[in-house]
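S.K.: Protein chains in written order, with our numbering: chain A, 359 to 480; chain B, 359 to 480. My structure is below; once you've seen it, I'll send some questions.
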DNA sequence: ATAATAGTTAACCATATGGTTAACTATTCG
DNA sequence: CGAATAGTTAACCATATGGTTAACTATTAT
């Protein structure tokens, strides 16, 4: 059974919600890189990139290995798998819910108090 | 070819980054519901839920159909497919990148200026 | 030892986010 | 009609986010 820790998903999805961070992950998927390498293409200061890296690191999406004064960033796919899995899991209901909708639209719509349908997990 | 509009992904991932909103989607995946139905289980005011719904609606994750004074919320799986697809696409590089890392760690590490590897899409 | 390089931390700023209560609009019920 | 119901909008508040510049630490090079 899949657990989907809310806090973890929060951090993962929040980390993915920024285009700069998605680009960083994208670039890191080609090859591990140092902070300065990653910062290069971006039109923003090094501390800004440093902050993004911290967020990605806190979300568990990358790990840092210090080699002398250089920090080498490496991808960590685990949280991504959970996020993808969350989407995948509910998307199945989703696509199914279109049928549910059709059914729902054909019934005599007892919509005034549909409070009794709370049988599953909240 | 998949395009992955950054703005759309921003909105989708940001919408998913909140546990309340994920629960709303989850509940809607079982059955379309009205605003008050959705708000019921949450320990927060109706306007707060209303705001969450607006965010989900703006992100294209649900659509609203007004039936009299009731607003019926319905799921819209399309943005989810894009988000999942984004993750899926890069996760492949990810898992591959572990091999890249191995290779990278075995080479005499010309790490001082690895700027030449920018052949692909930024 | 000094200087350059790699990167973080601190302080600050503007805007966004997530919540509140109060007031409002629109629809339905009696 | 007037009252209740469904929901939004407005104004406000506290905290988070994404960026800046300046100052700092740590390592490497001369």
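All C-beta atoms in this analysis are idealised placements derived from N, C-alpha and C, irrespective of residue type, glycine included.
Which residues mark the beginning and the end of the alpha helix (DSSP H) in which residue 431/A is found?
M.R.: In the DSSP assignment, residue 431/A falls outside any alpha helix (DSSP H) and within the unbroken beta strand (DSSP E) covering 428-433.
S.K.: Kindly give me the distance between the Cβ atoms of residue 430/B and residue 392/B, rounded to whole angstroms, as I take these residues to be in contact under 8 Å.
M.R.: 6 Å
S.K.: Specify, as a first and last residue, the run of the alpha helix (DSSP H) that residue 419/B falls within.
M.R.: Unbroken run through residue 419/B: none, as it is neither H nor E.
S.K.: Excluding sequence positions up to five away, which residues of its chain have a Cβ less than 8 Å from the Cβ of residue 436/A?
M.R.: 418
S.K.: Inspect the beta-carbon positions of residue 370/B and residue 441/B and report whether they are closer than 8 Å.
M.R.: yes
S.K.: Using a cut-off of 9 Å between C-beta atoms, extract the partners of residue 403/B located in chain A.
M.R.: The contacting residues do not exist; residue 403/B stays about 18 Å from chain A at best.
S.K.: Considering Cα atoms alone, identify which of 367/B, 394/B, 365/B and 400/B is closest to residue 381/B.
M.R.: 400/B
S.K.: List, in chain order, every chain B residue whose beta-carbon is nearer than 7 Å to that of residue 372/A.
M.R.: 375
S.K.: So, is the C-beta of residue 437/A closer than 8 Å to a C-beta in chain B?
M.R.: no
S.K.: Whole angstroms are fine: how far does the CA of residue 432/B sit from the CA of residue 376/B?
M.R.: 19 Å
S.K.: Roughly how many angstroms lie between the CA atoms of residue 439/B and residue 404/A, to the nearest whole one?
M.R.: 34 Å
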